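A.B. asks: Going down the list, the sequences are from chains A and B. Note that UniProt numbering gives residue 60 to position 60 of the first sequence, counting from 1, and the numbers run on in steps of one. Note that UniProt numbering gives residue 218 to position 218 of the second sequence, counting from 1, and the numbers run on in steps of one. Got a structure for you, written out below as structure tokens; questions coming shortly.
2 protein chains.
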Amino acid sequence: MMESPQSASLSEEDLHEVWPVLSIDERLEGFRLLPPAAADDFFVGLSARDQAELILHLPPGERRTWVRVLPPDDLADLVQSVEPEHAEAILSQLDDASRREVNVLLAYAEDDAGGLMNPRFARVRPDMSIDEAIGYLRKQAREKVETVYYAYALDAGQNLLGVLSLRQLFQAAPDKKVADVMQRDVITVAENTDQEAVGQLFSEHGFMALPVLDEAGRMKGIVTVDDIVDVVQEEATEDIQKVGGMEALEAPYFEVGFFGMLKKRIGWLLVLFLGQMLTATAMSSFEDEIASAVVLSLFVPLIISSGGNSGSQTSTLIIRALALGEMKLKDWWRVARREALSGVVLGVVLGLVGLLRIVVWHTVSDAYGEHFLLLGCAVALSVLGVVTFGTLAGSMLPLVLRRFGFDPASASAPFVATLVDVSGVLIYFTVASMILRGTLL
Amino acid sequence: MMESPQSASLSEEDLHEVWPVLSIDERLEGFRLLPPAAADDFFVGLSARDQAELILHLPPGERRTWVRVLPPDDLADLVQSVEPEHAEAILSQLDDASRREVNVLLAYAEDDAGGLMNPRFARVRPDMSIDEAIGYLRKQAREKVETVYYAYALDAGQNLLGVLSLRQLFQAAPDKKVADVMQRDVITVAENTDQEAVGQLFSEHGFMALPVLDEAGRMKGIVTVDDIVDVVQEEATEDIQKVGGMEALEAPYFEVGFFGMLKKRIGWLLVLFLGQMLTATAMSSFEDEIASAVVLSLFVPLIISSGGNSGSQTSTLIIRALALGEMKLKDWWRVARREALSGVVLGVVLGLVGLLRIVVWHTVSDAYGEHFLLLGCAVALSVLGVVTFGTLAGSMLPLVLRRFGFDPASASAPFVATLVDVSGVLIYFTVASMILRGTLL
Chain A
1 MMESPQSASL SEEDLHEVWP VLSIDERLEG FRLLPPAAAD DFFVGLSARD QAELILHLPP
61 GERRTWVRVL PPDDLADLVQ SVEPEHAEAI LSQLDDASRR EVNVLLAYAE DDAGGLMNPR
121 FARVRPDMSI DEAIGYLRKQ AREKVETVYY AYALDAGQNL LGVLSLRQLF QAAPDKKVAD
181 VMQRDVITVA ENTDQEAVGQ LFSEHGFMAL PVLDEAGRMK GIVTVDDIVD VVQEEATEDI
241 QKVGGMEALE APYFEVGFFG MLKKRIGWLL VLFLGQMLTA TAMSSFEDEI ASAVVLSLFV
301 PLIISSGGNS GSQTSTLIIR ALALGEMKLK DWWRVARREA LSGVVLGVVL GLVGLLRIVV
361 WHTVSDAYGE HFLLLGCAVA LSVLGVVTFG TLAGSMLPLV LRRFGFDPAS ASAPFVATLV
421 DVSGVLIYFT VASMILRGTL L
Chain B
1 MMESPQSASL SEEDLHEVWP VLSIDERLEG FRLLPPAAAD DFFVGLSARD QAELILHLPP
61 GERRTWVRVL PPDDLADLVQ SVEPEHAEAI LSQLDDASRR EVNVLLAYAE DDAGGLMNPR
121 FARVRPDMSI DEAIGYLRKQ AREKVETVYY AYALDAGQNL LGVLSLRQLF QAAPDKKVAD
181 VMQRDVITVA ENTDQEAVGQ LFSEHGFMAL PVLDEAGRMK GIVTVDDIVD VVQEEATEDI
241 QKVGGMEALE APYFEVGFFG MLKKRIGWLL VLFLGQMLTA TAMSSFEDEI ASAVVLSLFV
301 PLIISSGGNS GSQTSTLIIR ALALGEMKLK DWWRVARREA LSGVVLGVVL GLVGLLRIVV
361 WHTVSDAYGE HFLLLGCAVA LSVLGVVTFG TLAGSMLPLV LRRFGFDPAS ASAPFVATLV
421 DVSGVLIYFT VASMILRGTL L
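So this is what it looks like as structure tokens:
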């Protein structure tokens, strides 16, 4: 694709487009064809995994250039994404000060605010004049501060006193003091705040950056919104994959190996398969009923899946509401009442449709014998029971998981469906036995 | 909770915490207890729906103050979220220039780049010196420019010539020209670019803002990353809800009314229920087989659900990969081969577990008669067939939907499960008939 030197004017966007399907050699070749400014942007925009792959395939001289393009938080991510034996090779390319910064960041968990933060932020002193502050920011930008949407006013002990947006700084009269203009009521996060919670805060407030404080109230760095886009994307991907009934992947689809992918999938499938075996056990205790009325068995898939579907729907709804913070654990009773009622209404509608189907089909084809109406009622009542149970179980399961410290998203659609299938068999045959005793049975 | 005037030092975070469960009167009361600077931040951070609700409950005098706090893109969202008769009441509070800006934005679709963009951005001329440019930006910040992470260099015809980050501006020598420092290779989006694609770009490149151009290449505004966090969150929520088998909600869980919620849920449940009726039809053509070997019916739920589970898993995986741009339509053949092979491997594993279960159970309880080994083989082979089919169907369905212009996320877990259930019944009984003819049948 890029054999001739004439195609040297490769654009950043073109390379992004084909990147996922290129081999590492093609990636290197393409990367070197980018104009210098575009190469910078392109490199910074890559995922940590891709940055690491490129860097480890570059000769040591070039390696140093690219390692130094990255801010400390991105470097920490990069180091975390490579094998331990390569980490040293990357860290050794840094100057002492940067290496120290990266080593501090490496001590944080990857998905904490500390692991996301950039220790280089713009600081001012509260007693500076606005003009002095702007001059001081220009100096910091020349040195190494990456992001300058906000300037943070710190005292000598690194305690955060206030914050100014660049806009406020630019708007203020030049001879005013920072302390006159800054906002003192600052929303902050702790070093060990989970990244999902940090994402919440950004999404609710629309910040560009949030300061990270240690336990003693000293400012350690900032988390910027551009990193949060990835966090939000990642957390959603994890939840969606779990909802689909598999373990979350750590890389894009085509970058996960064939057997790596199977490993992420087989676990839950096995658990669910073993769980579903209980349906066979449950049904076997009704073998006599089935033998005397084979027609009963025809509706088993319809009935259990109506419970499974309503349960999947509900659990997914609740999982997302929990992830977005729209719902708290303490709302469980409100949710239970609402979902139980929803389940009844949905169950009545589906049950009536089921009854109608049996009556119409029987009228057309005489398929269900003289007791078709009783059969229809048994099916309708079972659907009502199963849908109500499915909806209620699907709503409570994510809350129970969260309550005991597990990820609510593990209450996946297939998991809830399997749980409800087993109960569905029991509900159906119990209802049918009661209604049809003396007629069909 | 907030009855006494002593509690007047309510913080922004406290109010956020309780906001979802407050009535509108409590919300107003709480909002008025915030210190002025915090109230500003709080208001700007609210969703458009909540902003509209507050504003419409304020007396006209206060209303004007708060309407004018918002930048034009947020105002456009707010106006779009209220009933048409209230839109006028809000627009009339604006000065003429702002009203014109908002009206222009209202002409864009809400989920296009045009609908997300802010028409107020920081501009410089390419022939300005760096010092002049900084001075000019300070002037613009004082007037009305909301976001100043980047300054855009435009010619007289509003064509975009280049971009400078504030950091680059601050880093450059004061006497250099903007044209010397600016980056000319700028990534832009068109007015009608879909917000999901815009979100992709931000997530891939880590931008703080992207310029929006019209067809003639004139710059119309910028989309900023803080709005993108919400976009990414929203799109993920839509996908998750669809994957769970319901229509996407437009508001948080507790803000959707009971019947509004039912409406979003009953549609798919009915479609799936009608689809599942085909399982009853399919099974009825095997009534004779079931009558002569009731034991066959016991494994129906196990077999069809193993297909449904592997199908749900696969479709969810593919839906997310498509949404993240990890996979394109043209990769379909690569995906099909890979998933077919995965399906076979997963099917072999689950099938063997199924066979083992039947052999072990039979040895323990003598439950399945003399032909238990044949029965076990029939079940194992059916599981293999159903899982392979489920995996393949689950992978292709989202791609087919995308190909014909539908949302791939409509290939929800319950939808795929239902599709596979019907085929599962056919596969099972066909396989069983072949293997067991002359023995059990």
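Cβ atoms here follow ideal geometry from the backbone N, Cα and C, with glycine treated the same way. Note that the coordinates shown come from a computational prediction; the quantities given were computed from them, not determined experimentally.
1) Just to check my reading of the structure: A/E110 and A/Q80 have Cβ atoms closer than 8 Å, yes? What is that Cβ distance to the nearest angstrom?
2) On the CB-based measure, 16 or more other CB atoms within 10 Å of its CB, does B/I318 come out buried or exposed?
3) With respect to the alpha helix (DSSP H) encompassing B/K264, which residues constitute its N-terminal and C-terminal limits?
4) I'd like to know if B/E83 contacts chain C, where contact means its C-beta is closer than 7 Å to some C-beta of that chain.
5) Does any CB atom of chain B fall closer than 7 Å to the CB of A/V345?
6) Hey, B/S312 and A/G245: beta-carbon distance below 7 Å or not?
7) For A/S7 and chain B, any beta-carbon pair shorter than 7 Å?
8) Counting C-beta neighbours from all protein chains within 10 Å, is the total for B/A133 16 or more, i.e. buried, or is it exposed?
9) Quick one, which residues of the stretch 344-371 of chain A are near chain B if we go by CB-CB under 8 Å, in chain order?
10) Would you mind working out which of B/D230, B/A251, B/S395, B/S382 sits nearest A/G206, comparing C-alpha positions?
11) For the stretch 293-304 of chain B and the stretch 273-283 of chain A, state whether three or more C-beta atom pairs, one from each stretch, are separated by less than 8 Å.
12) Using C-beta distances below 7 Å, list every residue in its chain close to B/A380, excluding the 5 sequence neighbours before and after it, in chain order.
13) Give me the DSSP bridge partner(s) of B/Q183.
14) Going straight from the alpha carbon of A/L34 to that of A/D14, what length do you get?
15) When you compare only the Cα positions, how much space is there between A/S11 and A/L91?
16) Hey, quick one: how far does the beta strand (DSSP E) through A/P211 stretch, first residue to last?
17) Am I right that A/N103 and A/G221 are in contact with their C-beta atoms under 8 Å? What's the rounded C-beta distance?
18) Measuring straight from C-alpha to C-alpha, what distance separates A/V212 and A/V225?
19) Reducing DSSP to helix, strand and coil, say where A/G221 ends up.
20) Span of the beta strand (DSSP E) holding A/V124?
21) Considering B/L75, what are the terminal residues of the alpha helix (DSSP H) in which it resides?
22) Taking B/L116 as the reference, give the member of B/P72, B/D50, B/A97 with the closest Cα.
23) Are any of the Cβ atoms in chain A nearer than 7 Å to that of B/Y150?
24) What does B/L269 reach in chain A if we use C-beta pairs closer than 9 Å?
25) Which value, in whole angstroms, describes the spacing of the CA atoms of A/V416 and A/T391?
26) Consider the Cβ of B/T188: report whether some Cβ of chain A lies at a distance smaller than 7 Å.
27) Taking 8 Å as the cut-off, does the stretch 368-379 of chain A touch the stretch 407-426 of chain A (at least 3 CB pairs, one atom from each stretch)?
28) Note down, in chain order, each residue of its chain lying with its Cβ closer than 7 Å to the Cβ of A/L154, except the 5 sequence neighbours on either side.
29) Please report the distance separating the alpha-carbon of B/L70 from that of B/V44.
30) Which chain B residues sit within Cβ distance under 9 Å of A/D50?
31) Does A/W268 pass the burial test, meaning 16 or more other C-beta atoms within 10 Å, or should it be called exposed?
32) Measure from the C-beta of B/F299 to each C-beta in chain A and report whether the shortest distance is under 7 Å.
33) Since A/V294 contacts B/E287 with CB under 8 Å, what's their CB separation in whole angstroms?
34) Using 7 Å as the limit for Cβ to Cβ distance, is A/G257 near chain B?
35) Please look up how many angstroms separate the CB atoms of B/F372 and B/V383, rounded, as I've assumed it's under 8 Å.
36) Express the C-alpha separation of A/V181 and A/D40 in angstroms, rounding to a whole number.
C.D. replies: On the basis of the data shown:
1) Confirmed, Cβ separation roughly 6 Å.
2) Buried: at least 16 other Cβ atoms inside 10 Å.
3) Here the alpha helix (DSSP H) through B/K264 covers 258-284.
4) In summary, chain C is missing from the structure at hand, where the protein chains are A and B.
5) Judged by the 7 Å Cβ criterion, A/V345 is in contact with chain B.
6) The answer is yes: Cβ separation under 7 Å.
7) For A/S7, the predicted structure reports a pLDDT of 45, less than 50, and the residue's modelled location is therefore unreliable. The matter cannot be settled from this model.
8) B/A133 comes out buried.
9) Those residues of the stretch 344-371 of chain A that come within reach of chain B (Cβ to Cβ, closer than 8 Å) are V345, L346, V349, L350, V353, G354, R357, A367.
10) Measuring from the Cα of A/G206, the nearest candidate turns out to be B/D230.
11) As far as the Cβ criterion goes, the stretch 293-304 of chain B touches the stretch 273-283 of chain A, which means the pair count is three or higher.
12) Cβ neighbours of B/A380 beyond the five flanking positions: G351, L352, G354, L355.
13) Beta-bridge pairing links B/Q183 to B/V163.
14) C-alpha separation (whole angstroms): 10 Å.
15) Near 30 Å, if we compare the C-alpha coordinates of A/L91 and A/S11.
16) Secondary structure note for A/P211: its beta strand (DSSP E) is the uninterrupted segment 209-213.
17) Their Cβ separation, rounded to whole angstroms, is 14 Å, which puts A/N103 and A/G221 out of contact at 8 Å.
18) Here the alpha carbon of A/V212 sits roughly 13 Å from the alpha carbon of A/V225.
19) Residue state, collapsed to three classes: strand.
20) For A/V124, the uninterrupted beta strand (DSSP E) run begins and ends at 121-124, by DSSP.
21) Looking at the DSSP string, the run of the alpha helix (DSSP H) that includes B/L75 is 72-81.
22) Shortest Cα-Cα distance from B/L116 to any of B/P72, B/D50, B/A97 involves B/P72.
23) No - not a single Cβ of chain A is within 7 Å of the one on B/Y150.
24) Those are S306, N309, S310, Q313, L346, V349, L350, V387, listed as they occur along chain A.
25) Near 10 Å, if we compare the C-alpha coordinates of A/T391 and A/V416.
26) Not an interface residue.
27) Too few Cβ pairs lie closer than 8 Å, so no.
28) Apart from the 5 residues on each side of it in sequence, A/L154 sits with its Cβ closer than 7 Å to the Cβ of R123, L160, L161, M219 in its chain, given in chain order.
29) One C-alpha to the other measures close to 7 Å.
30) In chain order: nothing, as chain B lies at least about 11 Å away.
31) A/W268 sits buried, since 16 or more C-beta atoms from the chains shown fall within 10 Å of its C-beta.
32) Chain A contact via Cβ: present.
33) Between A/V294 and B/E287 a beta carbon distance of about 6 Å is seen, short of the 8 Å cut, so the two are scored as contacting.
34) Any Cβ of chain B closer than 7 Å to the Cβ of A/G257 would place that residue at the interface, and such an atom is absent.
35) Not quite, the Cβ-Cβ distance comes to about 16 Å (not below 8 Å), so this is no contact.
36) Taking the straight line from one Cα to the other gives about 36 Å.
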